[in-house]
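Residues 1 to 127, numbered by this note's numbering, are exactly what the sequence shown covers, in order.
Glycine is no exception: its CB is placed at the ideal position from the N, C-alpha and C atoms.
Owing to the predicted nature of the structure, the values given are computational and were not obtained by experimental measurement.
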Amino acid sequence: PLAPTLRLHQRLLNPRPGKLPLESIQVVLEELRKNGNLEWLDKNKTSFLIMWKRPEEWGKLIYQWVSKNGLTNSVFTLYELASGDDTESEEFHGLDEAMLLRALQALQQEHKAEIITLDDGRGVKFF
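So, in C-alpha cells, the structure goes:
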C-alpha cells in the first residue's frame, strides 16, 4: 500500500514530470516582475521579456565605467558602448541594442546622459 501512496504524492507535487503547474509558473513570473526582471510584452500576459539585470542596473554599470575612465562630457555611439574595443572587458559589452537603450534611458532620467541622434544612428552624451 505504500507504493501507490508514494506515486500519488509524487503526482500531486509534480503532476507531469519536468513541468510546473500553470499556477506555479505564474507565481514565479509575478515575482520576477515585482523585482523588475520581467516585463509583459502584451496585455494578455502571454509574451514576456526576462532580463538578467534591470535597465537601471545596466545603466549604473555603464555610468561607473564612464566615470572611472574620466569620460563624462563625451559622446559615444551605441555601437562603441556595446561592441567597441574600449568596453571589451566590461560586463555590458555585447549588450543588445534594445537593452542598451533602456539602460541609457534610465541614465537620461537621472540626468546623467542624453540620447542623441547622430548621422550614422544613435549615440549618447554623458554628463
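Assigned exposure category for residue i - 16 Cβ within 10 Å defines buried
i	result
W65	buried
T72	exposed
T117	exposed
G59	buried
A103	buried
A106	buried
Residue i versus residue j - alpha carbon distance
i	j	result
W40	S47	6 angstroms
L49	L32	10 angstroms
A82	P55	14 angstroms
L8	L20	With a pLDDT of 49 at L8, under the threshold of 50, the predicted position of this residue should be treated as unreliable, though the coordinate-derived value follows. So the alpha carbons of these two residues sit roughly 16 angstroms apart.
E23	E80	43 angstroms
L78	G123	5 angstroms
F92	D86	11 angstroms
G121	E97	12 angstroms
Residue i, enclosing alpha helix (DSSP H) - first and last residue
i	result
W65	55 to 68
K45	Run containing K45: none; DSSP gives neither H nor E here.
K112	Taken as a continuous stretch (DSSP letters only), K112 belongs to no alpha helix (DSSP H), as it is neither H nor E.
L22	22 to 34
Span of the beta strand (DSSP E), counted from its first residue to its last, around residue i
i	result
K125	121 to 126
T72	Note, T72: premise wrong, no beta strand (DSSP E); not H, not E.
L38	38 to 40
Any chance the segment 54 to 69 sits against the segment 103 to 117, with 3 or more Cβ pairs inside 8 angstroms?
yes
Note down, one range per segment and in chain order, each alpha helix (DSSP H) of at least 4 residues found wholly within the segment 80 to 110.
97 to 109
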